[in-house]
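The sequence shown maps to residues -27 to -1, 1 to 273 in mature numbering (1 follows the signal peptide of the UniProt record, and there is no 0). Backbone N, C-alpha and C fix where the C-beta goes; we use that ideal spot for every residue, glycine too. Notes to accompany the following structure.
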Amino acid sequence: MRSGIAADILLVVLALAAAVVSRPAAADDRQVCLERTKEASAEIIAACTRAIQSGDYNGEDLSSLYHARGCSWPWTSFADRDDRALEDFTAAIRVNPKAGGSLLNRSHIYNQRHDHDRAIADVDQAFEAGLSDHGKRVGYGERGYAYQRKGDNDRAIADYTATIQLNANNSFALMARGNAYFAKGDFDRAIADYNRVIAVDPEYAHDYAAYGSRAIAYLRKGDLRQAFADVDRKQALSWLAAGVFLAALIWLCCRGGARSFGWRSGRTIIEMCEQQLVDLRHTNAALEKIAAAVEKRSSG
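The structure is reproduced here in structure tokens:
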């Protein structure tokens, strides 16, 4: 009898000891999970998973664990890493509907998948939950991008402008707003934004073709001198795209008699082209072909 009681007491003691040991272990897992470093993504994901499965956390604490694991998946080589991240952000939002970071991250994934309506809905929900200035910049950028991809350039411009008001040197927002202005045919404002991108972040301007976009905007305005200046920078376009650009311009200027009369008159090619642009300004068909050719090459 005594031996049976002793055995029961021993089991209880062992269970309590195991619980005491497991609590710090779960706490350690939570700490590791929330570190979120790229170099240790596998360890972080494992720690997050253990902490989530421990049952020790709920509410905002549990949401933060799902969020941290969701942020770590993109650093892995899993083929379905984006799906896993989406699942974790969704779980974080389900536990805490005011999880602004998870809402913004999920909106980014939705934008990548061209599900722009859901991206907009997530950003709206994040704003309702309350965001820091950094969160607002991200939110305006994601929502502006979604609106722009849906063809709603006015709303896109409004969101990009709000982003720029929070950070005047936001290269992404400046470039994106310039593109939205360009799509609306407001080439002066587009050029102004491209100018700012080039001034504040030359590397970004090079990588995202600010010079090329500005050259096309100048071309659409009929300002060939400025357009040629941007092409001549060698930062605007690849040599092949520049060749397409120049060949199209020569074709444009030579049609309608410039080839027959221009060379003998001693005028420069720019002067001849400017005259031809005056004649063709109302139809604008040739300019559309030039812009399409250059844009196709730049985005390819």
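> Is Tyr147 near Arg116, with beta carbons less than 7 Å apart?
Replying inline: Numbered from its first residue, the sequence shown carries residue 147 at position 174. Numbered from its first residue, the sequence shown carries residue 116 at position 143. Note that residue 147 is Leu in the sequence shown, not Tyr. Contact: no.
> Cβ of Arg110 within 7 Å of Cβ of Ile130?
Replying inline: Sequence index remark: in the sequence shown, residue 110 carries index 137 (1-based). Sequence index remark: in the sequence shown, residue 130 carries index 157 (1-based). Taking 7 Å as the Cβ cut-off, Arg110 and Ile130 do not qualify as a contacting pair.
>> Considering only their Cβ atoms, is the gap separating Ala52 from Arg9 smaller than 7 Å?
In response: Translated into the one-based positions of the sequence shown, residue 9 becomes position 36. Translated into the one-based positions of the sequence shown, residue 52 becomes position 79. For Arg9 and Ala52, no; Cβs fall outside 7 Å.
>> Less than 7 Å between the beta carbons of Val96 and Ser75, yes or no?
In response: Residue mapping note: residue 96 aligns to position 123 of the sequence shown, counting from 1. Residue mapping note: residue 75 aligns to position 102 of the sequence shown, counting from 1. Against a cut-off of 7 Å, the Cβ pair of Ser75 and Val96 comes out as no contact.
>> Can you determine whether any heavy atom of the ligand ATP sits closer than 6 Å to the C-beta of Arg67, and answer yes or no?
In response: For the structure depicted, the ligand ATP is absent and the ligand set is empty, with no information on it obtainable.
>> With three or more C-beta pairs closer than 8 Å as the rule, is the segment 31 to 38 touching the segment 11 to 18?
In response: The segment 11 to 18, when compared against the segment 31 to 38, does not touch it at the 8 Å Cβ threshold.
> Helix or strand or just coil, what does DSSP make of Asp174?
Replying inline: As a position in the sequence shown, residue 174 is number 201, starting the count at 1. Coil at Asp174, not helix or strand.
>> Judging by CA-CA distance, which residue of Asp61, Tyr113 and Ser186 is the nearest neighbour of Leu139?
In response: The residue given as residue 139 occupies position 166 in the sequence shown. Nearest C-alpha to Leu139: Tyr113.
> Mapping DSSP to helix, strand and coil, what is Tyr120?
Replying inline: For this step, residue 120 is matched to residue 147 along the sequence shown. DSSP places Tyr120 within a helical segment (H, G or I) once states are collapsed to three.
>> DSSP three-state label for Arg9, please.
In response: Position 36 of the sequence shown, counting from 1, holds the residue named residue 9. Coil at Arg9, not helix or strand.
> From Trp46 to Glu60, what distance separates their C-alpha atoms?
Replying inline: The sequence position of residue 46 within the sequence shown is 73, counting from 1. The sequence position of residue 60 within the sequence shown is 87, counting from 1. If I take the Cα positions, the gap works out to 11 Å.
>> If you measure between the beta carbons of Asn84 and Ala58, is that distance less than 7 Å?
In response: Here residue 84 refers to the residue found at position 111 of the sequence shown. Here residue 58 refers to the residue found at position 85 of the sequence shown. Not in contact: Asn84 and Ala58 (Cβ atoms no closer than 7 Å).
>> By the three-class DSSP mapping on this structure, what secondary structure does Arg193 have?
In response: Counted from its first residue, the sequence shown places residue 193 at position 220. Residue state for Arg193 is assigned as helix, using DSSP reduced to three classes.
>> Is it buried or exposed, Arg198, if we count other Cβ atoms within 10 angstroms and call 16 or more buried?
In response: Taking the first residue of the sequence shown as 1, we reach residue 198 at position 225. Arg198 counts as exposed, since fewer than 16 other beta carbons sit within 10 angstroms of its beta carbon.
>> If we require 4 or more residues per run, which alpha helix (DSSP H) segments fall completely within the segment 124 to 155?
In response: Inside the segment 124 to 155, DSSP marks whole alpha helix (DSSP H) runs of 4 or more residues at positions 126 to 139, from first to last along the chain.
> So, Ala24 versus Leu7, is the Cβ gap smaller than 7 Å?
Replying inline: The residue given as residue 24 occupies position 51 in the sequence shown. The residue given as residue 7 occupies position 34 in the sequence shown. Leu7 is positioned such that its CB atom lies no closer than 7 Å to that of Ala24.
> Which two residues bound the contiguous alpha helix (DSSP H) that contains Ser75?
Replying inline: Working through the sequence shown from its first residue, we reach residue 75 at position 102. Residues Gly73 to Gln85.
>> If you measure between the beta carbons of Asp2 and Ala15, is that distance less than 7 Å?
In response: What you label residue 2 is simply residue 29 of the sequence shown in a count that begins at 1. What you label residue 15 is simply residue 42 of the sequence shown in a count that begins at 1. Here Asp2 is not near Ala15, since their CB atoms are 7 Å or more apart.
> Would Arg206 pass as a contact of Tyr184 if the rule is Cβ separation under 7 Å?
Replying inline: If you number the sequence shown from 1, residue 206 lands on position 233. If you number the sequence shown from 1, residue 184 lands on position 211. If you check the CB distance, Arg206 and Tyr184 come in under 7 Å.
> In chain order, what residues of the same chain have a beta carbon less than 7 Å from the beta carbon of Gln98, not counting five sequence neighbours either side?
Replying inline: In the sequence shown, residue 98 corresponds to position 125, counting from 1. So the list reads Leu76, once near-sequence residues are dropped.
>> On the CB-based measure, 16 or more other CB atoms within 10 Å of its CB, does Ala178 come out buried or exposed?
In response: As a working mapping, residue 178 is identified with position 205 in the sequence shown. Under this definition Ala178 is a buried residue.
> What do you reckon, are the CB atoms on Phe145 and Ala190 nearer than 7 Å?
Replying inline: As a working mapping, residue 145 is identified with position 172 in the sequence shown. As a working mapping, residue 190 is identified with position 217 in the sequence shown. Between Phe145 and Ala190, the CB-CB gap reaches or exceeds 7 Å.
> Exposed or buried, Ser186, counting other C-beta atoms within 10 Å across all chains shown (16 or more means buried)?
Replying inline: Taking the first residue of the sequence shown as 1, we reach residue 186 at position 213. Ser186 is buried by the Cβ-count criterion.
>> Using a Cβ-Cβ cutoff of less than 6 Å, which residues in the same chain neighbour Asn126 once the five nearest sequence positions on both sides are dropped?
In response: If you number the sequence shown from 1, residue 126 lands on position 153. Excluding its 5 nearest sequence neighbours in each direction, Asn126 has C-beta neighbours in its own chain below 6 Å: Ala153, Ala156 and Lys157, listed in chain order.
> Taking all protein chains shown into account, do 16 or more other C-beta atoms lie within 10 angstroms of the C-beta of Gln4, making it buried, or fewer, making it exposed?
Replying inline: Here residue 4 refers to the residue found at position 31 when the sequence shown is read from its first residue. A residue is called buried when at least 16 other Cβ atoms come within 10 angstroms of its Cβ; Gln4 does not meet this threshold and is exposed.
> Just to confirm, are Asp203 and Ala188 a CB contact at a threshold of 7 Å?
Replying inline: By one-based count along the sequence shown, residue 203 stands at place 230. By one-based count along the sequence shown, residue 188 stands at place 215. Taking 7 Å as the cut-off, the beta carbon of Asp203 is found closer than this to the beta carbon of Ala188.
>> For a test of the three-state rule: what should DSSP assign to Ala52, helix, strand or coil?
In response: Translated into positions along the sequence shown, residue 52 becomes position 79. In the structure shown, Ala52 sits in coil (DSSP, three-state: anything other than H, G, I, E or B).
> Can you give the Cα-Cα distance for Trp48 and Ala141, rounded to whole angstroms?
Replying inline: Your numbering for residue 48 matches position 75 in the sequence shown. Your numbering for residue 141 matches position 168 in the sequence shown. As the crow flies, the alpha-carbon of Trp48 is around 30 Å from that of Ala141.
> Based on Cα-Cα distance, which residue from Gly43, Arg54, Asp55 and Arg86 lies nearest to Ile66?
Replying inline: To locate residue 66, count along the sequence shown from 1; it is residue 93. Closest option to Ile66, judged by alpha-carbon separation, among Gly43, Arg54, Asp55 and Arg86: Gly43.
> With 16 as the cutoff for other CB atoms within 10 Å, does Arg86 come out buried or exposed?
Replying inline: Here residue 86 refers to the residue found at position 113 of the sequence shown. Result: exposed.
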